[in-house]
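Trainee: Sending over a structure as structure tokens; questions will come in a sec.
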Amino acid sequence: MEKTTFAEVEKQLMAHLSAANLSKEHLSHVSGSISKTYAAGLRIVDWWIYGIPAFERIVVQGQLPIEAAGTFQELIANKMFKEIRIFRKGIPVPHFFQVDLTIEKITEQMPKI
Amino acid sequence: MMSQNNESCKTLPAGRVSKVIQIHPSLNCNLRCKHCYSSSAPGIKKELAFDALANIIGQAAEVGYNVISMSGGEPFMYQSLEELVRFSKSAGYFNSVTTNGMLLKGSRAKNILKYVDLIAVSIDGKEEMHDHMRSQPGAFKKMREGVAILRDSINYGFIHTLLPDSWKILSWLAGFAVDEKASLLHLHPLEMSGRATQHLGGLLFDQTDLYKIYISHYYLNTYFENDIFIQLDLLHRNNIKNNPNFVFHESCKPQLCASGFSTIFKELIINEKGDILPIAHGCSPFFTIGNIYSGEKLQYMIGRFMHEKMGYIIDLFQATYDNIMLDKELEIVNWSEMVIQKSHTLFPKEQLLNTQPNQ
Numbered sequence: 123m124e125k126t127t128f129a130e131v132e133k134q135l136m137a138h139l140s141a142a143n144l145s146k147e148h149l150s151h152v153s154g155s156i157s158k159t160y161a162a163g164l165r166i167v168d169w170w171i172y173g174i175p176a177f178e179r180i181v182v183q184g185q186l187p188i189e190a191a192g193t194f195q196e197l198i199a200n201k202m203f204k205e206i207r208i209f210r211k212g213i214p215v216p217h218f219f220q221v222d223l224t225i226e227k228i229t230e231q232m233p234k235i
Numbered sequence: 273m274m275s276q277n278n279e280s281c282k283t284l285p286a287g288r289v290s291k292v293i294q295i296h297p298s299l300n301c302n303l304r305c306k307h308c309y310s311s312s313a314p315g316i317k318k319e320l321a322f323d324a325l326a327n328i329i330g331q332a333a334e335v336g337y338n339v340i341s342m343s344g345g346e347p348f349m350y351q352s353l354e355e356l357v358r359f360s361k362s363a364g365y366f367n368s369v370t371t372n373g374m375l376l377k378g379s380r381a382k383n384i385l386k387y388v389d390l391i392a393v394s395i396d397g398k399e400e401m402h403d404h405m406r407s408q409p410g411a412f413k414k415m416r417e418g419v420a421i422l423r424d425s426i427n428y429g430f431i432h433t434l435l436p437d438s439w440k441i442l443s444w445l446a447g448f449a450v451d452e453k454a455s456l457l458h459l460h461p462l463e464m465s466g467r468a469t470q471h472l473g474g475l476l477f478d479q480t481d482l483y484k485i486y487i488s489h490y491y492l493n494t495y496f497e498n499d500i501f502i503q504l505d506l507l508h509r510n511n512i513k514n515n516p517n518f519v520f521h522e523s524c525k526p527q528l529c530a531s532g533f534s535t536i537f538k539e540l541i542i543n544e545k546g547d548i549l550p551i552a553h554g555c556s557p558f559f560t561i562g563n564i565y566s567g568e569k570l571q572y573m574i575g576r577f578m579h580e581k582m583g584y585i586i587d588l589f590q591a592t593y594d595n596i597m598l599d600k601e602l603e604i605v606n607w608s609e610m611v612i613q614k615s616h617t618l619f620p621k622e623q624l625l626n627t628q629p630n631q
């Protein structure tokens, strides 16, 4: 995934947030996911927004210190995150996790148990 | 109060928690902004006496306060500003001044800036919008001239009053602030009081606007992380739920003692009348701690406040917390403004004469 360039920031954000098909529920879902991500102690380092025109999917990349690994349980239990990819990072000794979180509204697609 | 976005203080040396005294020494201003919550305007001559202010902020340092935040009106129109910032600097305070940036030329401003650690310049958007909100053509150009003076001489930032559609200009604002080498962009939602009620009374935030502002803020904060700190005075309900001590929740009520006062109330307000208030400007006068002209010792005022009003403060915070938790529509909130509004509902001015609040 390439780092977003400055020129793309305003264009992307405006295009996605101005989209006519962007529902209040979806905005609520994204906001809730962001607050949970920060509450989990992740330092967000980048975002990728997908979908035309409204964001249907957001991937946020964060960093989590190795000693905060207990947070993973909280993230995994959170239905707002469709996909969680975790990589050990740090040279020469791994000292943090890179966490890629995919935010996508999947709650209503999940079978009721 | 703790910073609304739960970030550590970025203005003081590492390890120091900011405990702020926000001073409104006068409502005198060179502008008549449409969104002004204090109805500041030109020609208001009344201002707080330097001696009385210095006396209180000297005592407040002993209680733990360490930041002076000058507001107004326009602080650079306050006659004793230089005297005051020089005094507070010598008392060990970190000095910050919020200004419209239009009065920064000349030797007086230069002398004042020697004692100021951080300047926050208010900005309402691009030139046309800024001049419109300030009711003054040319205000944007003059503000930029002021910024040019600050840019190479002092740590400074911008402060923006959020309107419902501000999300449309946030990325422009962040880019502008970075280009102007500012270190801070503070986003504070419009408060519906003072002149804002007359001119912008119809402007109400709905949750969709607030979601967009909230998302934009985090997106921009990530993108500009190495360039600028972007502070948003809005909270997601999850932030509040996860920090029950923030609202003095039942499970973690604060110690009711005067020595811990500045830890509980990290912001103390001295308004244009000299009243000392907790929480924020505009809080119900029921919670007045004292007045700078009363001659009372600050410790005594605090002791009396803790004894007589602290229980009501806990009730007020708890009621606001419950309101947010029970109303599923309230996901993104301006905690301070909600507390202020509730303070007037539960503890109205006339309550001062009675004993029991409107519970």
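Residue numbers (the working numbering), protein chains in the order written: chain A, 123 to 235; chain B, 273 to 631.
C-beta atoms are modelled at their ideal positions from N, C-alpha and C, and glycine is treated no differently.
The structure presented is a predicted model; accordingly, all values stated were derived computationally and were not measured.
Is the beta carbon of V465 of chain B sitting closer than 8 Å to the one on G345 of chain B?
Mentor: Along the second sequence, one-based indexing puts residue 465 of chain B at 193. Along the second sequence, one-based indexing puts residue 345 of chain B at 73. According to the sequence shown, residue 465 of chain B is Ser rather than Val. For S465 of chain B and G345 of chain B, no; Cβs fall outside 8 Å.
Trainee: Excluding the 5 residues preceding and the 5 following H573 of chain B in the sequence, name in chain order all residues of the same chain whose CB lies nearer than 8 Å to its CB.
Mentor: Translated into positions along the second sequence, residue 573 of chain B becomes position 301. According to the sequence provided, residue 573 of chain B is Met. The question's His does not apply to it. Once the five neighbours on either side are set aside, the close Cβ partners of M573 of chain B are I548, I561, G562, S566.
Trainee: DSSP three-state call for P461 of chain B: helix, strand or coil?
Mentor: Taking the first residue of the second sequence as 1, we reach residue 461 of chain B at position 189. Strand, per DSSP.
Trainee: Given a cut-off of 8 Å on the beta-carbon distance, is the pair I208 of chain A and F219 of chain A in contact?
Mentor: Stepping through the first sequence from its first residue, residue 208 of chain A is reached at position 86. Stepping through the first sequence from its first residue, residue 219 of chain A is reached at position 97. For I208 of chain A and F219 of chain A, yes; Cβs fall inside 8 Å.
Trainee: If we define contact as Cβ-Cβ less than 8 Å, is S394 of chain B a contact residue for chain A?
Mentor: The sequence position of residue 394 of chain B within the second sequence is 122, counting from 1. For S394 of chain B, the answer is no, since every Cβ of chain A falls outside 8 Å of its Cβ.
Trainee: DSSP three-state label for Q368 of chain B, please.
Mentor: Counting from 1 along the second sequence, the entry for residue 368 of chain B is found at position 96. For the sequence presented, residue 368 of chain B should be read as Ser rather than Gln. Looking at S368 of chain B - three-state DSSP - the assignment turns out to be strand.
Trainee: Compile a chain-ordered list of the residues in the stretch 193-217 of chain A whose CB is closer than 9 Å to at least one CB of chain B.
Mentor: Residues passing the 9 Å Cβ filter: none.
Trainee: Could you name the residues of the same chain whose beta carbon sits closer than 6 Å to that of T592 of chain B, not counting the 5 residues immediately before and after it, in chain order?
Mentor: Position 320 of the second sequence holds residue 592 of chain B. Taken in chain order, the residues that qualify are M610, V611, K614.
Trainee: So which residues of chain A does N514 of chain B contact, with C-beta pairs closer than 8 Å?
Mentor: Position 242 of the second sequence, counted from the start, is the residue given in the question as residue 514 of chain B. In chain order: A161.
Trainee: State the start and end residues of the unbroken alpha helix (DSSP H) segment that holds E178 of chain A.
Mentor: Numbered from 1 along the first sequence, position 56 holds the residue referred to as residue 178 of chain A. That residue, E178 of chain A, is in no alpha helix (DSSP H); it is neither H nor E in DSSP.
Trainee: Compute the beta-carbon to beta-carbon distance between S362 of chain B and L390 of chain B, rounded to the nearest angstrom, for a pair I have assumed lies under 8 Å.
Mentor: Position 90 of the second sequence holds residue 362 of chain B. Position 118 of the second sequence holds residue 390 of chain B. Not confirmed; about 18 Å, so no contact.
Trainee: Whose Cβ in chain A lies nearer than 8 Å to the Cβ of Y483 of chain B?
Mentor: Counting from one through the second sequence, the residue named residue 483 of chain B turns up at place 211. Going along chain A in sequence order, the residues near Y483 of chain B (Cβ under 8 Å) are K146, L149, S150, V152, S153.
Trainee: Given a cut-off of 8 Å on the beta-carbon distance, is the pair T193 of chain A and G163 of chain A in contact?
Mentor: On the first sequence, residue 193 of chain A is found 71 positions in, with the first residue counted as 1. On the first sequence, residue 163 of chain A is found 41 positions in, with the first residue counted as 1. Yes, Cβ-Cβ distance for T193 of chain A and G163 of chain A is below 8 Å.
Trainee: Per DSSP, what kind of secondary structure is H151 of chain A in: helix, strand or coil?
Mentor: One-based indexing of the first sequence puts residue 151 of chain A at position 29. Note: H151 of chain A maps to helix in three-state DSSP.
Trainee: Let me see if you follow: with CB-CB separation under 8 Å, is W170 of chain A close to chain B or not?
Mentor: The sequence position of residue 170 of chain A within the first sequence is 48, counting from 1. With 8 Å as the cut-off, W170 of chain A does not count as an interface residue toward chain B.
Trainee: Please list, in chain order, the chain B residues whose beta carbon lies closer than 7 Å to that of V131 of chain A.
Mentor: Locating residue 131 of chain A in the first sequence gives position 9, where the first residue counts as 1. Ordered by position in chain B, the residues that pass the 7 Å Cβ test against V131 of chain A are S443, Y495.
Trainee: Check whether the Cβ of I487 of chain B lies closer than 8 Å to any Cβ atom in chain A.
Mentor: Taking the second sequence and counting its residues from 1, the one referred to as residue 487 of chain B is at position 215. So, interface residue.
Trainee: I need the DSSP call for N563 of chain B, collapsed to helix, strand or coil.
Mentor: The count along the second sequence starts at 1 and reaches residue 563 of chain B at position 291. Strand, per DSSP.
Trainee: Kindly identify the DSSP beta-bridge partner or partners of P550 of chain B.
Mentor: As a first step, residue 550 of chain B must be located in the second sequence, where it is residue number 278. Note: P550 of chain B sits in a beta bridge opposite B:L540.
Trainee: Less than 8 Å separating the beta-carbons of K479 of chain B and I604 of chain B?
Mentor: As a first step, residue 479 of chain B is located in the second sequence; it is residue number 207 there, counting from the start. As a first step, residue 604 of chain B is located in the second sequence; it is residue number 332 there, counting from the start. Looking at the sequence itself, residue 479 of chain B is Gln, so the reference to Lys does not match. A contact, by the Cβ cut-off of 8 Å.
Trainee: Go ahead and label Y387 of chain B buried or exposed: buried means 16 or more other beta carbons lie within 10 angstroms of its beta carbon, across all protein chains shown.
Mentor: For the purposes of this step, residue 387 of chain B is identified with residue 115 of the second sequence, where counting begins at 1. Y387 of chain B comes out buried.
Trainee: Is any beta-carbon of chain B found at less than 8 Å from that of V167 of chain A?
Mentor: What you label residue 167 of chain A is simply residue 45 of the first sequence in a count that begins at 1. V167 of chain A counts as touching chain B.
Trainee: Looking only at C-alpha atoms, which of B:P550, B:P557, B:P436 sits nearest to H307 of chain B?
Mentor: The residue labelled residue 307 of chain B in the question sits at position 35 within the second sequence. Among B:P550, B:P557, B:P436, the Cα nearest to that of H307 of chain B belongs to B:P436.
Trainee: If distances are taken between C-alpha atoms only, which option among B:L472, B:S311, B:S455 comes closest to N498 of chain B?
Mentor: As a working note, residue 498 of chain B is residue 226 in the second sequence. When each option's Cα is compared against that of N498 of chain B, the closest is B:S455.
Trainee: Helix, strand or coil, according to DSSP, for K398 of chain B in the structure here?
Mentor: Numbered from 1 along the second sequence, position 126 holds the residue referred to as residue 398 of chain B. Residue state, collapsed to three classes: coil.
Trainee: Does I156 of chain A have its Cβ less than 8 Å from a Cβ in chain B?
Mentor: As a working note, residue 156 of chain A is residue 34 in the first sequence. Cβ-Cβ to chain B under 8 Å: yes for I156 of chain A.
Trainee: Taking the alpha carbon of I343 of chain B as the point to measure from, which residue in B:G583, B:G373, B:S438, B:I328 has its own alpha carbon closest?
Mentor: Sequence index remark: in the second sequence, residue 343 of chain B carries index 71 (1-based). Position check: residue 343 of chain B holds Ser in this sequence, whereas Ile was assumed. Measuring from the Cα of S343 of chain B, the nearest candidate turns out to be B:G373.
Trainee: Given that Y491 of chain B touches chain A, what residues does it touch there, using C-beta distances under 7 Å?
Mentor: Position 219 of the second sequence holds residue 491 of chain B. Simply L135, W169.
Trainee: Of the choices B:I431, B:V335, B:N300, B:F533, whose alpha-carbon is the least far from that of I551 of chain B?
Mentor: By one-based count along the second sequence, residue 551 of chain B stands at place 279. Nearest option by C-alpha distance: B:F533.
Trainee: By DSSP, does K211 of chain A sit in helix, in strand, or in coil?
Mentor: In the first sequence, residue 211 of chain A corresponds to position 89, counting from 1. Here K211 of chain A sits in strand by DSSP.
Trainee: For P297 of chain B, count neighbouring Cβ atoms within 10 angstroms of its own Cβ and tell me buried if that reaches 16, exposed if not.
Mentor: Translated into positions along the second sequence, residue 297 of chain B becomes position 25. When all chains shown are included, P297 of chain B counts as buried.
Trainee: Determine, using beta carbons only, whether L139 of chain A comes closer than 8 Å to chain B.
Mentor: The residue labelled residue 139 of chain A in the question sits at position 17 within the first sequence. At least one chain B Cβ lies under 8 Å of L139 of chain A.
Trainee: Tell me the DSSP secondary structure of M202 of chain A in three-state form.
Mentor: Mapped onto the first sequence, residue 202 of chain A falls at position 80. Reduced to three states, the DSSP call for M202 of chain A is coil.
Trainee: Who pairs with Y172 of chain A in a beta bridge, going by DSSP?
Mentor: By 1-based counting over the first sequence, the position of residue 172 of chain A is 50. Paired residue(s): A:R179.
Trainee: Counting contacts by CB-CB distance shorter than 8 Å, is E400 of chain B in contact with chain A?
Mentor: Translated into the one-based positions of the second sequence, residue 400 of chain B becomes position 128. No, no contact with chain A.
Trainee: Counting C-beta neighbours from all protein chains within 10 Å, is the total for V215 of chain A 16 or more, i.e. buried, or is it exposed?
Mentor: Position 93 of the first sequence, counted from the first residue, corresponds to residue 215 of chain A. It counts as exposed.
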